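K.L.:
Input: one structure, supplied below.
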Amino acid sequence: MEQRATHFNKQQMASVFRKKESRQYEREGYRYALNISNAFLLERIFAFALDICIMFLPIALWELCILLMFIGLLPIWLLTPLEVITLVLLAISMLTFNAIFSVKSGGQTLGKYFYDLKVVKKNHHETSSAKLAAREIIGFSLPNFVLFLFFNIIGVGAYWLINLLFLIIHPKHISIIDLFLGTRIVVLRKTPRVTETVTEVKEVTPHNTVDLHIHSNFSSDGQFNVEEIFQSAIKNGLKTISICDHNTVKANRIAKQMAPLYHVNYVDGVEFDCRYRDVDLRVLGYFINSASDIYVHLENESLKREKNASLRRVEAFRRYSGISVDVEALLDNNRFQRISGEMIAEHVLRRSELHDHPMLAPYLSGDKSEDPIMNMNHDFFAEGAPCYASIRHPKLEDILDVIHLTGGMAVLSWAKETLDYDAQFFAEVLDQGIEGIEVFTPYYTEAEMARLLRIAREHHLFVTAGSDFHGAHKPEIAIGETNCPPEAEKLVHTLLEVKGKETR
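Structure below.
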């Protein structure tokens, strides 16, 4: 390890660190990021002011030189060359510094870094480097430089004052340029540290008694089987649970057999990927008739989509890299018919005959070898990468029809993210036949849950609580850890009582 480390200079190590932070943000961090509310307004203004100071730092150096001339430490004849040098430095600092810092750090200028702020897209995912550069150069650098040349500090001050007033007045406290680029400023929250493996289900002190969002190993990213989930539910004091696997209801048959044995109330559930106006959503279905053949059809269609996307992913990788992948080996005994980017990366990096391939060098012994599989997946297969394969999920309206036809009720998962995307869009989604929203979850703050709770009351929606437990895929989340205050569980029980009576 020591010998390998000597190959990296400080700049390379910094690059690795930034990319690692970016991957961590895209995996989980964007779900924890907060919109800037009035509570964070001062931090937003201070970050704004610090970025201004950075841009005009050469003027401070100019003032210092003038002071040194007045006290006789510098000769007067240096005034003219110092003026020219200051203008050059000012042009460099105004036109490049914040833009370079933002692009290199993935959306953080020096001011935003100190106050844990970040420039992102509307849905809180990372935005492109081009937009980050355009935001700083077109929105701030060029206008300031031009105004300074023609109107000196008065013009610059007026421009900053207009931006500051807009920032304060706008409900999301964004700058004017953000309106045109579709960007947002969010407050970063630290996510729990993710460990490599989890050998047992994390236990928590009994707190919640209801968890309506659990994944078993019938989900491609779930770890534990149905009985292990019931065992953990008992240990954590749960009285009512629902297993909502991705696009499949297979766990429900086993769960209904386990429920009386473990004295746990069970609600048939499922979580569907779907789309509305080409925006991907997730909808939870509760109290469904999971024995209906229509769910078998939907699962088979989902497996076909996954397999089709997998084949396109493999073919795109072959065309881009010239490396063939053994599809049959990766699909053998693969009940989900899914070849993920991680699987392709692991398969390729383990083949000794490819260790001399120049494209793989960074992942085998270069600056991306610390976490090669995750790095390669991000570089080749993430959205926007050269081998990305999109999946066109069924329409929201069709999924809602299936849930309702089989006696179930539809609940919007990740409701905050949908609301943050666009308030009007959120309202349209609810109007399609959504009967409830998932309010209580470990991913949301108290303020965010309170906001969703108000919306649920305004729209007369049911309220649910769920941990979104997966196991090793999300080891920081425990079964039963729904973030629901004990006194608020009665709201969730309202749903259970009303729908329970309907299904009897």
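All residue numbers for the sequence shown refer to this note's numbering, where the first residue is 6 and numbers rise by one.
Don't be surprised by glycine CBs; every beta carbon is placed ideally from N, CA and C.
Please read these numbers as outputs of a predicted model, since none were measured by experiment.
1. From Tyr-300, His-129, Tyr-368, Met-99, pick the residue whose C-alpha is nearest to that of Arg-355; which is it?
2. Go through its chain and collect everything with a Cβ distance to Val-288's Cβ below 8 Å, but skip five positions before and after it.
3. Between the stretch 447-462 and the stretch 324-342, do three or more beta carbon pairs fall short of 8 Å?
4. Is the beta carbon of Ala-420 less than 8 Å from the beta carbon of Ile-396?
5. Per DSSP, Phe-106 forms a beta bridge with which residues?
6. Would you tell me roughly how many angstroms separate the C-alpha atoms of Val-254 and Ser-295, rounded to the nearest one?
7. Just checking, does the stretch 180-187 make contact with the stretch 132-147 on the three C-beta pairs under 8 Å criterion?
8. Excluding sequence positions up to five away, which residues of its chain have a Cβ less than 6 Å from the Cβ of His-251?
9. What number of angstroms, rounded off, separates the C-alpha of Cys-70 from the C-alpha of Leu-79?
10. Considering only the alpha carbon of each residue, which of Gly-413, Val-191, Val-272, Leu-316 lies closest to Arg-217?
11. Within a Cβ cutoff of 6 Å, which residues of the same chain sit near Leu-496, ignoring the five residues on either side of it in sequence?
12. State the start and end residues of the unbroken alpha helix (DSSP H) segment that holds Asp-436.
13. Please list the terminal residues of the continuous alpha helix (DSSP H) segment that includes His-302.
14. Out of curiosity, what's the CA-to-CA distance linking Glu-201 and Asn-380?
15. Under the rule that 16 or more other beta-carbon atoms within 10 Å means buried, what is Glu-502, buried or exposed?
16. If I follow the unbroken beta strand (DSSP E) through Ile-219, where does it start and stop?
17. Can the beta-carbon of Ser-247 be found closer than 8 Å to that of Ile-219?
18. Which residue wins for smallest C-alpha separation from Ile-460, given the options Ala-163, Ala-432, Val-269?
19. Run through DSSP, which three-state label would Thr-423 get?
20. Measuring CA to CA, which of Arg-343, Leu-335, Asp-331, Ala-264 is closest to Lys-309?
21. Given a cut-off of 8 Å on the beta-carbon distance, is the pair Val-125 and Gly-112 in contact?
22. For the pair the stretch 92-100 and the stretch 148-167, tell me if three or more CB-CB distances fall below 8 Å.
23. Counting C-beta neighbours from all protein chains within 10 Å, is the total for Thr-214 16 or more, i.e. buried, or is it exposed?
24. My output table needs one value for Leu-193: the three-state DSSP class, helix, strand or coil.
25. Under a Cβ-count criterion, where at least 16 other Cβ atoms within 10 Å of its own Cβ denotes burial, should His-268 be classed as buried or exposed?
26. Rounded to a whole number of angstroms, what is the C-alpha to C-alpha distance between Met-348 and Leu-359?
27. At the level of alpha carbons, what is the spacing between Gly-412 and Asp-372?
28. Excluding the five sequence neighbours on either side, which residues of its own chain have a C-beta within less than 7 Å of the C-beta of Trp-165, listed in chain order?
29. For a quick check, are the C-beta atoms of Asn-103 and Thr-91 less than 8 Å apart?
30. Please report the distance separating the alpha-carbon of Val-203 from that of Ile-234.
31. Hey, out of Leu-458, Arg-340, Asn-313, Glu-88, whose CA is closest to Ile-64's CA?
32. With distance defined between alpha-carbon atoms, name the residue in Arg-317, Ala-334, Asp-331 nearest to Asp-386.
33. Going by C-alpha distance, which of Glu-388, Leu-170, Ile-158 is nearest Ile-50?
34. Looking only at its chain, what residues have a beta carbon closer than 8 Å to the beta carbon of Glu-494, apart from the 5 residues adjacent to it on each side?
35. Using the DSSP secondary-structure output, state which residues sit across from Asn-270 in a beta bridge.
36. Could you tell me which residues DSSP puts in a beta bridge with Lys-123?
P.N.:
Taking the definition as stated:
1. Tyr-368
2. Glu-276, Phe-277, Cys-279, Leu-401, Ile-404, Leu-405, Ile-408, Ala-415, Val-416, Leu-417, Ser-418, Ile-439
3. no
4. no
5. None; Phe-106 has no bridge partner.
6. 6 Å
7. yes
8. Ser-224, Glu-276
9. 7 Å
10. Sequence inspection shows Leu at residue 217; the Arg mentioned does not correspond to that position. Closest by alpha carbon: Val-272.
11. Val-468
12. 428-436
13. 298-326
14. Because Glu-201 carries a pLDDT of 37, less than 50, the predicted location of this residue cannot be relied on, and no value is offered for it.
15. exposed
16. 215-219
17. yes
18. Ala-432
19. helix
20. Arg-343
21. yes
22. yes
23. buried
24. coil
25. exposed
26. 16 Å
27. 54 Å
28. Ile-57
29. no
30. For Val-203, the pLDDT reaches just 39, beneath the cut-off of 50, and the residue's location in the model is therefore unreliable, although a value from the coordinates is still provided. Roughly 14 Å between the two C-alpha positions.
31. Glu-88
32. The sequence shown places Phe at residue 386, not Asp. That would be Arg-317, whose Cα lies nearest to the Cα of Phe-386.
33. Leu-170
34. Asn-213, Thr-214, Val-215, Ala-470
35. Thr-245
36. Val-191
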